[in-house]
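Numbering (the numbering used here), first residue to last: 1 to 370.
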């Protein structure tokens, strides 16, 4: 066991929560709470929804993550700052010296962990695989990284399907801040027979396979996927009476040290907070590192060996890598400006496309790389 009696409770076992929990395992008695029985490597989820060989790749057990702390399969329903405890759905109360909210964001299908068990989530992936295998026409709505990656993976797996990607913007992958990467993605997709529709707003027009654009033109498809954004997982905070912690978009408002405004002992990290940077897994893990440092400083305050807290510095641009199937893709180097260098297939495949970072994440959770 860690020698300290100070308790850190982390709500949420995604990238940010796992990184922070591991960093603090030697410093405090860490309890990580999550509703899922395994870590969900979302980066691998799009391929898992299309390729049956990848069905179980996104799921990594939590059992080796912490040497001293524990991972609790549970649902948090309330936070009581005055009493300094978390209330679980079972009625149990978990006391804390420091609390971390790391509940992430909810993604649209198929990049979602359905249910609470691995088998439930795998069953959902198999259903997507069967659905797309039978489809003659597939529509993907949203030209961000998820939409482009999913469309490319669908084309690689189903070369004969009629495939359309509709995007409301004028260029794909606009969040990369690189016009070059967006154009590269469009050229790859169109070169592989995908119809790319820009400046196109899609809505359902009745029925499971009937859609239309903003002009009312019909856009029929046997299967449609929506990849148009995420929603922070903070409804539970609002229901628990902490709506004042949230901004208009539902993100937790934090100060420069990643603390919930007005609470020196409560932090919020990753996709759930209002930090102005791209909501990517590297950002989440960077925040996990930064918050771990500041939590140590808080727990050791008054000690002659104590550290000083440090403000977190958001990164407006990070390494931005998008696979075009397992053997292609494009990567923007972390440089400001629209003309940042874009790396092509070979480095992108080596960094991400082929492995989807599964070995790295398994290492993070102290599992065999497989």
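Heads up, the beta-carbon is just placed ideally off N, CA and C, and yes, glycines get one too.
For clarity, every value in this text was computed on a predicted model and none was experimentally measured.
**OP:** Could you say if the region 37 to 52 and the region 358 to 366 meet the contact criterion of at least three C-beta pairs nearer than 8 Å?
**Re:** yes
**OP:** Provide the residue span of the beta strand (DSSP E) that contains residue 354, from first to last.
**Re:** Unbroken run through residue 354: none, as it is neither H nor E.
Subject >> Collapsed DSSP secondary structure at residue 224 in the structure displayed >> reply: strand
Original post:
Between the Cα of residue 227 and the Cα atoms of 187, 233 and 139, which residue gives the shortest distance?
Top reply: 139
**OP:** Would you identify the three-state DSSP class for residue 13, choosing helix, strand or coil?
**Re:** coil
**OP:** Let me know if residue 128 comes out buried or exposed under the rule of 16 or more other beta-carbons within 10 Å of its beta-carbon.
**Re:** buried
Original post:
Any chance the region 208 to 224 sits against the region 170 to 188, with 3 or more Cβ pairs inside 8 Å?
Top reply: no
**OP:** Using the Cα positions of residue 153 and residue 47, report the straight-line distance between them to the nearest angstrom.
**Re:** 7 Å
Original post:
Does the distance from the CB of residue 15 to the CB of residue 291 come in under 8 Å?
Top reply: no
**OP:** Compute the Euclidean distance between the alpha carbons of residue 159 and residue 151, then round it to the nearest angstrom.
**Re:** 11 Å
Original post:
Just curious, the beta strand (DSSP E) that residue 382 is in, first and last residue?
Top reply: Residue 382 is absent from the model: the chain starts at 1 and stops at 370.
Original post:
Where does residue 234 land, buried or exposed, given buried means 16+ other C-beta within 10 angstroms?
Top reply: buried
**OP:** Compute the beta-carbon to beta-carbon distance between residue 131 and residue 223, rounded to the nearest angstrom, for a pair I have assumed lies under 8 Å.
**Re:** 6 Å
Original post:
From 356, 295, 309 and 166, pick the residue whose C-alpha is nearest to that of residue 194; which is it?
Top reply: 166
Subject >> Unbroken alpha helix (DSSP H) run spanning residue 289, endpoints >> reply: 281 to 299
**OP:** Could you tell me the distance, in whole angstroms, from the CA atom of residue 259 to the CA atom of residue 82?
**Re:** 16 Å
**OP:** Report yes if the C-beta distance between residue 59 and residue 121 is below 8 Å; otherwise report no.
**Re:** yes
**OP:** Return the residue from the list 149, 141 and 245 that minimises the CA-CA distance to residue 348.
**Re:** 149
Original post:
Hey, how far is the Cα of residue 147 from the Cα of residue 353?
Top reply: 15 Å
Subject >> residue 241 to residue 356 span [Cα, whole Å] >> reply: 39 Å
Original post:
Nearest to residue 331 by alpha carbon, out of 350, 316 and 169?
Top reply: 350
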